[in-house]
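Worksheet for the structure shown next.
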Amino acid sequence: MKKMLLAALTLIVGLTVLAGYFFRAELSPVLTLIIDWGILLLGVAGLIGLGYLVRMHLARLFRREKGGFYSLIALLGFVFSLAFGLVYSPHHPFFRDLILNVQVPVEASLLAILAVSLLYASLRLIRTRGWTLLSVGFLFGAVLSLILNLAFFREEGNPLLAEMIAFLRGIPMAGGRGILLGMALGGLIVGLRVLFSINRPYGEG
Amino acid sequence: MTLSTLAWGVIGLVLTVMVLSYLIGDNVFFRIAAHVFVGLTAGYFAVIILYQIVWPYLISPLINGTWGERLWMIAPLVLILLLVISQFPKLIKLGTIPLAYLAGLTAALVIGGAVFGTLIPQSRAVVEAFDPNRLSPSANPSWRVIADAGVMLIGTVATLSYFHFGRKSQPADDLEKTERPKVFEVLSKVGQLFIGVTLGGIFTGIFSSAVLALIDRLIFMGGMISQLFGGG
């Protein structure tokens, strides 16, 4: 019985939102309500997730497990930014500076490390995967995009070269379109399976 | 340069050096920087969720709303309550109700996004490349317009064929039981090539961004060090 109720809840919410694509004006108030409740639930789920993160670090700290010192640092950072944000609001200049001068340098530096990791991984590609159609295509695509992005060729006054470059730039789009269509078809099928409760990601009830 | 700007710059410099130290191997400085980042970001997300979701969507309507609006908040309050108390192991099953609600909402948004955001526009783009108005002799199409349309069609069909894993419903022999039909085998080989080229292009884009970030960090470090020790 409970399974049926859960399936009905999923179906009603899903079909109402889908109907909203066709009858937007008529269903607008209901859609706003459903989506607002969804946003609220996701927000609370996010807070619960953060709660688990804090609990995990607290447990590591109090059980004196390996890495407890790092957990202490993470917890201090969490309490500091939470308390400051709650007391002064996220629009306070200090809070903005804190985010800009801690998050941005760390994120940019992590991205910088990615450059080295990607270069190393690409060099290992042929050694680990061998000469397959995929790896040949990958190398061709990477080298082609690098050359074209370097603006090495001067297109001005040479319409044939300009046409050629435009054509070469479009080649990666062909596979990309196929991948996008494949992902959309996959999403559509998974969505329909969830909607009709063939798959139940929320559990068995 | 004010004292506050200098202090923030030094913090940024120290964190940058700590994170980049990972290039010589995993070490204590990288881990400290990573945990500072995780802690501050987690706190920041909590503040943003509270200020931009919980306050305007829940607390504000309860405090400032009309009686009708307050009544409408009963349903999300119940769902939130169920979600929260389902974190206790004995009451875990109560969490299926808010999760079923979220599953229905997400599934519908995914279906809508897939159909109206990707399937229709992308299929249309492939078809429109063969628009008679563009390809007719009177339109004087360049070789590129024709080649673009052909490559786009072959690339799209071949890439989709690569992800086709179907088998014949009534196989004639054991080979047909395990292998795809010949036409899909051939098309999937072409598809592999196109997928490789696309991934190569994406790789270059990400690599370029990462190199730019590396250059940005090196310039930032150089600038800060010259300001600190060279007098600006």
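Respectively, the protein sequence lines represent chains A and B. Take any residue in the first sequence, count from 1 to its spot, add 2: that is its number in the numbering used here. Take any residue in the second sequence, count from 1 to its spot, add 8: that is its number in the numbering used here. The beta-carbon is built from N, C-alpha and C at its ideal position, and this holds for glycine as well.
Helix, strand or coil at K101 of chain B [DSSP, three-state]: helix
Contacting residues, own chain, Cβ-Cβ under 7 angstroms from L136 of chain A (five flanking each side not counted): none
Nearest candidate by alpha-carbon position, reference V123 of chain B, set A:P203, A:G189, A:L17: A:G189
Within-9 angstroms CB hit, G174 of chain B to chain A: no
CB contact flag (V274 of chain B, L236 of chain B, <9 angstroms): Only positions 9 to 240 of chain B appear in the structure, and residue 274 of chain B is not among them; the question remains open.
Pick from B:P179, B:R175, B:G47 that is closest to R57 of chain A, judged by C-alpha positions: B:G47
Buried or exposed (CB count within 10 angstroms, at least 16 for buried), A14 of chain B: In the sequence under discussion, the amino acid at residue 14 of chain B is Leu, which differs from the Ala named in the question. L14 of chain B should be labelled exposed.
Interface flag, F96 of chain B vs chain A, CB-CB below 9 angstroms: no
Exposure of I71 of chain B, with buried meaning 16 or more beta-carbon neighbours within 10 Å: exposed
Nearest-angstrom beta carbon gap, L35 of chain A and W75 of chain B [assumed within contact, 8 angstroms]: With a Cβ gap of about 16 angstroms, W75 of chain B and L35 of chain A do not count as contacting.
Inter-residue Cα distance where the pair is G103 of chain B and V118 of chain B: 22 angstroms
Presumed contact (8 angstroms Cβ cut-off) between G22 of chain A and L11 of chain A, rounded CB distance: With 8 angstroms as the limit, G22 of chain A and L11 of chain A do not qualify as a contact, their Cβ atoms being about 17 angstroms apart.
The stretch 36 to 44 of chain B contacting the stretch 35 to 54 of chain A, beta-carbon criterion three pairs below 8 angstroms: no
Cβ distance (whole Å) where G16 of chain A is taken to contact G125 of chain B below 8 angstroms: Between G125 of chain B and G16 of chain A the Cβ distance is about 17 angstroms, and since that is not below 8 angstroms, they are no contact.
Burial state of W151 of chain B (16 or more Cβ within 10 Å): exposed
Range of the contiguous alpha helix (DSSP H) that encloses A47 of chain A: 26 to 64
Neighbour-count burial assignment, G20 of chain B, 16 or more Cβ in a 10 Å radius: buried
Amino acids of chain B, ordered along the chain, whose beta-carbon sits closer than 8 angstroms to that of F155 of chain A: Simply none; closest approach about 16 angstroms.
Length-filtered (4 minimum) alpha helix (DSSP H) runs lying within the stretch 88 to 147 of chain A: 95 to 100, 106 to 131
Chain A residues whose Cβ lies nearer than 8 angstroms to that of Q130 of chain B: R179, L182, L183, A186
Residue interval of the alpha helix (DSSP H) (run including Y52 of chain B): 36 to 57
Alpha carbon of A108 of chain B to alpha carbon of W63 of chain B, nearest angstrom: 24 angstroms
Chain A contacts made by the stretch 67 to 80 of chain B, where a contact means CB separation under 8 angstroms: W80
Rounded straight-line distance, which links the Cα of L141 of chain A to that of A182 of chain B: A quick correction: the sequence has Asp, not Ala, at residue 182 of chain B. Roughly 36 angstroms between the two C-alpha positions.
D224 of chain B: first and last residue of the uninterrupted alpha helix (DSSP H) it sits in: 190 to 237
Span of the alpha helix (DSSP H), counted from its first residue to its last, around P161 of chain A: 161 to 197
Cβ-based contacts, 9 angstroms cut-off: residues of the stretch 90 to 121 of chain B near chain A: L91, V92, Q95, I100, K101, G103, T104, I105, P106, L107, A108, Y109, L110, A111, G112, L113, T114, A115, A116, L117, V118, I119, G120, G121
Closer than 8 angstroms: L121 of chain A CB and nearest the ligand ATP heavy atom: With respect to small molecules bound, the structure shown includes none, and the ligand ATP cannot be examined in it.
Closer than 9 angstroms to chain A by CB, L58 of chain B: yes
Run of the alpha helix (DSSP H) containing V86 of chain B, from where it starts to where it stops: 82 to 93
Residues, ordered as in the chain, of the stretch 171 to 200 of chain B that lie near chain A by beta-carbon distance below 8 angstroms: F171, K197, G199, Q200
Backbone secondary structure at N151 of chain A - three-state DSSP: helix
8 angstroms contact criterion, which V81 of chain A and L31 of chain B should meet: CB distance rounded: With a Cβ gap of about 31 angstroms, V81 of chain A and L31 of chain B do not count as contacting.
Contacts around Q200 of chain B, its chain only, beta-carbon distance under 8 angstroms, and the 5 residues preceding and following it disregarded: Y170
Residue from B:V198, B:L222, B:Y59, B:Q60 whose Cα sits closest to the Cα of G139 of chain A: B:V198
Within 9 angstroms, strictly: CB atoms of T167 of chain B and V134 of chain B: no
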